[in-house]
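> Numbering (the working numbering), first residue to last: 245 to 495. Every residue gets a Cβ at the ideal spot worked out from N, C-alpha and C, and that includes glycine. Every value quoted in this text rests on a predicted model; they were computed, and no experiment measured them. Before I ask anything, here is the structure I am working with.
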Amino acid sequence: MSNDPMHQFQIERFAPFEINGIDASFSTASLFMVAGAGLATLFMTQAMAPKAMVPGRMQVAAEGLYGFIHSMVKDATGDEGVKKFFPFVFTLFMFILMANMLGMFPYWFTTTSQIVVTAALALMVFATVLIVGIGKNGAKFLKLFVPSGVPIAVLPFVVLIEIISFFSRPLSHAVRLWANIFAGHVLLKVFAGFVPMMAAAGFVGVLGSILPLGMTVALYALEFLVAFLQAYVFALLTCIYLNDALHPGHH
245 MSNDPMHQFQ
255 IERFAPFEIN
265 GIDASFSTAS
275 LFMVAGAGLA
285 TLFMTQAMAP
295 KAMVPGRMQV
305 AAEGLYGFIH
315 SMVKDATGDE
325 GVKKFFPFVF
335 TLFMFILMAN
345 MLGMFPYWFT
355 TTSQIVVTAA
365 LALMVFATVL
375 IVGIGKNGAK
385 FLKLFVPSGV
395 PIAVLPFVVL
405 IEIISFFSRP
415 LSHAVRLWAN
425 IFAGHVLLKV
435 FAGFVPMMAA
445 AGFVGVLGSI
455 LPLGMTVALY
465 ALEFLVAFLQ
475 AYVFALLTCI
485 YLNDALHPGH
495 H
């Protein structure tokens, strides 16, 4: 079981609980989602608590992340988007980042490796885009599906493609994060599993295990980069979608 790369994704229930037949148990996924949110909150509050003129390492890291996401939101959505949606985007980024980082520790659970978690985040973004887009623009929000400069002969086909593309956003948004984290952890587990298997074969096996061990270390370092990049990509796509809600005609 220890060498099974899929075992790490199994959810264990700590406190079984149902609401009208719906499983609402507190599980490993619930625990690490709470831990991710708590760690993000703790990191930001502790890092910014000193407010020193010469910032320490934590404060530099916190201010760097804050400034990085602020610039991204401003570039993607403009001043209006920063005022309205920076807290939302920054919260999403920090939660996903911390959830990904927690999952890098051996025997800990990665919540973003569960499609239901990434789907919930993606649907939350999609619902926000719809509510903001329709609430702010009314019927003008439909301009999002009618690109300017398209010949009238092909316009119906383009509109159909735009509608399909728009409503498939939650799927691609969720699957992109889930698939990258899921595949990375499976690959890491597979290479790590080769090390004890080959080492048990004797002296020649020990020598041969050096290669998968090196690959495991390299993949582990790569996974830390992927953990950050996937949080960034999710936040960036959120900004792009929110910009469509704010400015549906600029398409």
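#1: Between phenylalanine 287 and tyrosine 464, what straight-line distance do the alpha-carbon atoms span, to the nearest angstrom?
#2: For phenylalanine 438, which three-state DSSP category applies?
#3: Three or more beta-carbon pairs under 8 Å between the segment 359-374 and the segment 475-491, yes or no?
#4: Is alanine 259 helix, strand or coil when you go by DSSP?
#5: Within the same chain, show all residues whose beta-carbon is closer than 7 Å to that of glutamate 307, passing over the 5 residues directly before and after it, in chain order.
#6: Grab me the residues of alanine 436's own chain with a C-beta within less than 6 Å of its C-beta, minus the 5 sequence neighbours each way, in chain order.
#7: Would glutamate 499 be called buried (16 or more neighbouring beta carbons within 10 Å of its own) or exposed?
#8: Using only CA atoms, which one of Val369, Ser453, Ser269 and Ala489 lies nearest to proline 260?
#9: Identify whether aspartate 323 lies in helix, strand or coil by the three-state DSSP scheme.
#10: On the DSSP bridge list, what partners appear for serine 271?
#11: Do you know how far the Cα of alanine 366 is from the Cα of histidine 318?
#12: By DSSP, does isoleucine 396 sit in helix, in strand, or in coil?
#13: Can you check DSSP and say which residues form a bridge with isoleucine 454?
#14: Beta-carbon within less than 7 Å of glutamine 303's beta-carbon, same chain only, minus the 5 sequence neighbours each way: which residues are those?
#15: Alpha carbon to alpha carbon, what distance is there between aspartate 248 and threonine 372?
#16: Within the continuous alpha helix (DSSP H) that includes phenylalanine 389, where are the two ends?
#17: Grouping DSSP H, G and I as helix and E and B as strand, with all else coil, what is glutamine 252?
#18: Taking Cβ positions, are glycine 279 and isoleucine 255 nearer each other than 8 Å?
#19: Quick check on the burial criterion: 16 or more other C-beta atoms within 10 angstroms. Buried or exposed for asparagine 344?
#20: For phenylalanine 337, which residues from the same chain have a beta carbon less than 6 Å from its beta carbon, with the 5 sequence-adjacent residues on both sides left out?
Reading from the atomic positions:
#1: Along the sequence shown, one-based indexing puts residue 287 at 43. Along the sequence shown, one-based indexing puts residue 464 at 220. Taking the straight line from one Cα to the other gives about 23 Å.
#2: Along the sequence shown, one-based indexing puts residue 438 at 194. Phenylalanine 438: helix per DSSP, three-state reduction.
#3: yes
#4: Working through the sequence shown from its first residue, we reach residue 259 at position 15. DSSP places alanine 259 in strand when its eight states are reduced to three.
#5: Here residue 307 is taken as the residue at index 63 of the sequence shown, counted from 1. Cβ neighbours of glutamate 307 beyond the five flanking positions: Pro299.
#6: Position 192 of the sequence shown, counted from the first residue, corresponds to residue 436. Contacts found: Thr460.
#7: Because the chain here runs from 245 to 495, residue 499 falls outside it and cannot be looked at.
#8: Within the sequence shown, numbered from 1, the residue matching residue 260 stands at position 16. For proline 260, the nearest C-alpha among the options comes from Ser269.
#9: Numbered from its first residue, the sequence shown carries residue 323 at position 79. Aspartate 323: helix per DSSP, three-state reduction.
#10: The count along the sequence shown starts at 1 and reaches residue 271 at position 27. In the DSSP output, where bridge partners are listed per residue, serine 271 has Arg257.
#11: The residue you call residue 318 lines up with position 74 of the sequence shown. The residue you call residue 366 lines up with position 122 of the sequence shown. Correcting the residue type first, residue 318 is lysine in the shown sequence and not histidine. If I take the Cα positions, the gap works out to 21 Å.
#12: Numbered from its first residue, the sequence shown carries residue 396 at position 152. Three-state result, isoleucine 396: coil.
#13: Translated into the one-based positions of the sequence shown, residue 454 becomes position 210. In DSSP, isoleucine 454 forms no bridge with anything.
#14: For the purposes of this step, residue 303 is identified with residue 59 of the sequence shown, where counting begins at 1. Correct list, in chain order: Ala291, Met292, Pro294 and Ala296.
#15: On the sequence shown, residue 372 is found 128 positions in, with the first residue counted as 1. On the sequence shown, residue 248 is found 4 positions in, with the first residue counted as 1. Between threonine 372 and aspartate 248, the C-alpha separation is close to 39 Å.
#16: By one-based count along the sequence shown, residue 389 stands at place 145. Segment: none, phenylalanine 389 is in no alpha helix (DSSP H) and carries neither H nor E.
#17: Against the sequence shown, residue 252 aligns to sequence position 8. Glutamine 252 falls in the helix class under three-state DSSP.
#18: Here residue 279 refers to the residue found at position 35 when the sequence shown is read from its first residue. Here residue 255 refers to the residue found at position 11 when the sequence shown is read from its first residue. The sequence given here places alanine at residue 279; glycine does not occur at that position. No, the Cβ-Cβ distance between alanine 279 and isoleucine 255 is not below 8 Å.
#19: Mapped onto the sequence shown, residue 344 falls at position 100. The residue is buried, with at least 16 neighbouring Cβ atoms inside 10 Å.
#20: As a first step, residue 337 must be located in the sequence shown, where it is residue number 93. Hits under 6 Å: Ile313, Ala475 and Ala479.
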